Amino acid sequence: MSDGSGDASDRALTEYAELHGCSCKVGQGDLDALLSEAGLRDGPGSTAGDAAGRDGDHLFGVGEDAAARRLRADLALVSTVDFFTPVVDDPYDFGRIAACNAASDAFATGATDELSCLVVLGLPREVTDCAADIVAGMADALAAVDGEIVGGHTVLNPWPLAGGAVTATAHPDDVRSSAGAAPGDVLYLTKPLGTQPAAGALRTADGEFAETVAEAASRPVETIGAEAVDWMTTPNRDAARALREHASALTDVTGFGLRGQSRTLAARSAVGVELTRLPVIDGTPALSRLFGYGLERGESAETSGGLLAAVPPDSAADAEAALADADVFFRQVGRVTDGEDVELVDPTVEPVQR
542 MSDGSGDASD
552 RALTEYAELH
562 GCSCKVGQGD
572 LDALLSEAGL
582 RDGPGSTAGD
592 AAGRDGDHLF
602 GVGEDAAARR
612 LRADLALVST
622 VDFFTPVVDD
632 PYDFGRIAAC
642 NAASDAFATG
652 ATDELSCLVV
662 LGLPREVTDC
672 AADIVAGMAD
682 ALAAVDGEIV
692 GGHTVLNPWP
702 LAGGAVTATA
712 HPDDVRSSAG
722 AAPGDVLYLT
732 KPLGTQPAAG
742 ALRTADGEFA
752 ETVAEAASRP
762 VETIGAEAVD
772 WMTTPNRDAA
782 RALREHASAL
792 TDVTGFGLRG
802 QSRTLAARSA
812 VGVELTRLPV
822 IDGTPALSRL
832 FGYGLERGES
842 AETSGGLLAA
852 VPPDSAADAE
862 AALADADVFF
872 RQVGRVTDGE
882 DVELVDPTVE
892 PVQR
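So the sequence shown is numbered by my numbering: it starts at 542 and just counts up by one.
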């Protein structure tokens, strides 16, 4: 999987962190409390950083995947920052995943043009020779979506960290947020779930629990892990371009998992969500049960996950056609209700192979 060379590509980066990928992020409840204590959140579904609290050109900010500002009638600027610890040991793949994940927060708003990234990189002194491979992976992933690295900041840090501050542009009419979903809307997801248990299995594949993990898996651990890396390095740009014309609300599924991100959409839109289908990387449910990650409850953290879109029912057929034309994976995973919070309704767990 590596495009790097030399000793750096063999370093076990994940051994330098206790938490991995998007699972290293502050929990949803703790984050809400932090924002409230800092005076940045007025209450469920609203934030002091919203347009109403600033000026008419500030479209949204705190509480969303990114901040958006209207620069002129035909141009909006979206900015975001995202970084995390390694979810895989290969430095080049870590860079690719980190860049895809950071860019996804811009794509989740519908902003897909003029993409640029200021790299955020932190490494323990023992693995600084991994830096070039990580940044090369980031550069290649960004180039694949017509983006580029324009600078950054690098520090020594006890845990490895990689990601970036990303900016992108869109027409203001194309910008979406997690607010706007309405009862009756159909929910679509554009990548299968299961990256956390897949990556966890990879990290233990050569350790003392390798046999236990292999026995729990229904497929070779290396195959499950390789498919997870493929999904984590699949950018969400094409999905965003296909969905933004049709979606009433849009976000991406990362550290909070499908259930947590659905909860954010529900709160921001003042609606309820029913989840009825969980597409998962084939082989990950058993691994999740072994590790206790809660995948079959929609609670497993996702790293560089897919977009979650709410689409009005009269636009659903057009949205599906647009996704199919763009060759984007998608599944209908639930619906928006006039209730509140998130409910799993006897969900179908669907195994997906790459």
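Cβ coordinates follow ideal geometry from the N, Cα and C atoms, glycine included. All of these numbers come straight from a predicted model, not from anything done at the bench.
Original post:
Alpha carbon to alpha carbon, what distance is there between A643 and A680?
Top reply: 12 Å
Subject >> Range of the contiguous beta strand (DSSP E) that encloses L560 >> reply: Where L560 is concerned, there is no enclosing beta strand (DSSP E), given that its DSSP letter is neither H nor E.
Original post:
Does the distance from the C-beta atom of G721 to that of A790 stay below 7 Å?
Top reply: yes
**OP:** Using a threshold of 7 Å, state whether the C-beta atoms of P627 and P733 are closer than that.
**Re:** no
Subject >> Candidates N777, G847, E667, of which the one nearest Q802 by Cα >> reply: G847
Original post:
Does DSSP put E578 in a helix, a strand or coil?
Top reply: helix
Subject >> Own chain, CB closer than 6 Å to I675, minus 5 neighbours either side, in chain order >> reply: P632, F635, G636, A703
Original post:
First and last residue of the alpha helix (DSSP H) that includes G847?
Top reply: Per DSSP, G847 belongs to no alpha helix (DSSP H) and is neither H nor E.
**OP:** Taking only the alpha-carbon atoms, compute the straight-line gap between V890 and L836 and give it to the nearest angstrom.
**Re:** 10 Å
Original post:
Where A507 and A742 are concerned, what is the direct C-alpha to C-alpha distance, given to the nearest angstrom?
Top reply: No statement about residue 507 is possible, as the shown extent of the chain runs from 542 to 895 and does not include it.
Original post:
Is it a yes or a no for the segment 646-665 touching the segment 690-709, going by three-plus beta-carbon pairs under 8 Å?
Top reply: yes
Original post:
Skipping 5 residues on each side, what residues in its chain have a beta carbon closer than 7 Å to that of G798?
Top reply: G839, E840, S841, A842, E843
Original post:
Exposed or buried, S845, counting other C-beta atoms within 10 Å across all chains shown (16 or more means buried)?
Top reply: Per the 10 Å Cβ criterion, buried.
Original post:
Among A781, S718, V814, which residue has its Cα nearest to the Cα of L864?
Top reply: For the set A781, S718, V814, the Cα lying nearest the Cα of L864 is the one of A781.
Original post:
Can you name the start and end residues of the alpha helix (DSSP H) that V676 belongs to?
Top reply: 672-684
Original post:
Rounded to whole angstroms, how far is the Cβ of A857 from the Cβ of V727, which I believe are closer than 8 Å?
Top reply: Cβ atoms of A857 and V727 come within 8 Å of each other, at about 5 Å.
Subject >> Local Cβ density within 10 Å of A850, reported as buried at 16 or more and exposed below that >> reply: buried
Subject >> Beta carbon proximity, T817 to chain E, threshold 7 Å >> reply: Looking at the structure shown, chain E is missing, and only one protein chain is on hand.
**OP:** Kindly indicate which residue of E559, I638, V877 has the alpha-carbon position closest to the one of P854.
**Re:** V877
Original post:
Should S759 be labelled buried (16 or more other beta-carbon atoms within 10 Å of its own) or exposed?
Top reply: exposed
Original post:
Any idea which residues DSSP pairs E884 with across the strands?
Top reply: E815
Original post:
Taking buried to mean at least 16 other C-beta atoms within 10 Å of its own C-beta, is R809 buried or exposed?
Top reply: Buried: at least 16 other Cβ atoms inside 10 Å.
**OP:** Look up H712 in the DSSP assignment and give the residues it is bridged to.
**Re:** DSSP output for H712 lists no bridge partner at all.
**OP:** Assuming D598 and G651 form a contact by the criterion Cβ under 8 Å, report the distance between their Cβ atoms to the nearest whole angstrom.
**Re:** Contact flag wrong, Cβ pair sits at about 17 Å.
Subject >> Separation of D623 from N905, as counted between CA atoms >> reply: No information on residue 905 is available, as it lies outside the stretch 542 to 895 that the chain covers here.
Original post:
Leaving out the 5 sequence neighbours to the left and right, which residues in its chain are closer than 7 Å to P826 when beta-carbon positions are compared?
Top reply: In chain order, L836, E837, V890 place their CB closer than 7 Å to the CB of P826, counting only its own chain and leaving out the 5 sequence neighbours on each side.
Original post:
The alpha helix (DSSP H) spanning D634 covers which residue range?
Top reply: 632-648 is the span of the alpha helix (DSSP H), which, as asked, contains D634.
Subject >> Whether N777 touches S620 by CB criterion (7 Å) >> reply: no
Subject >> Selection from Y557, L581, R744 that minimises the alpha carbon distance to L664 >> reply: Y557
Original post:
Would a C-beta distance cut-off of 7 Å place G875 and L816 closer than the cut-off?
Top reply: Between G875 and L816, the CB-CB gap stays under 7 Å.
Original post:
What residues in its chain sit with their C-beta under 7 Å from that of E881, if we drop five residues either side in the sequence?
Top reply: A807, G813
Subject >> Residues of its chain near V762, where Cβ-Cβ distance is below 7 Å and the 5 sequence neighbours each way are ignored >> reply: So the qualifying residues of the chain are A742, L743, A746, V754, A755.
**OP:** Could you tell me which residues DSSP puts in a beta bridge with E693?
**Re:** Rather than Glu, the amino acid found at residue 693 in this sequence is Gly. Paired residues: V660.
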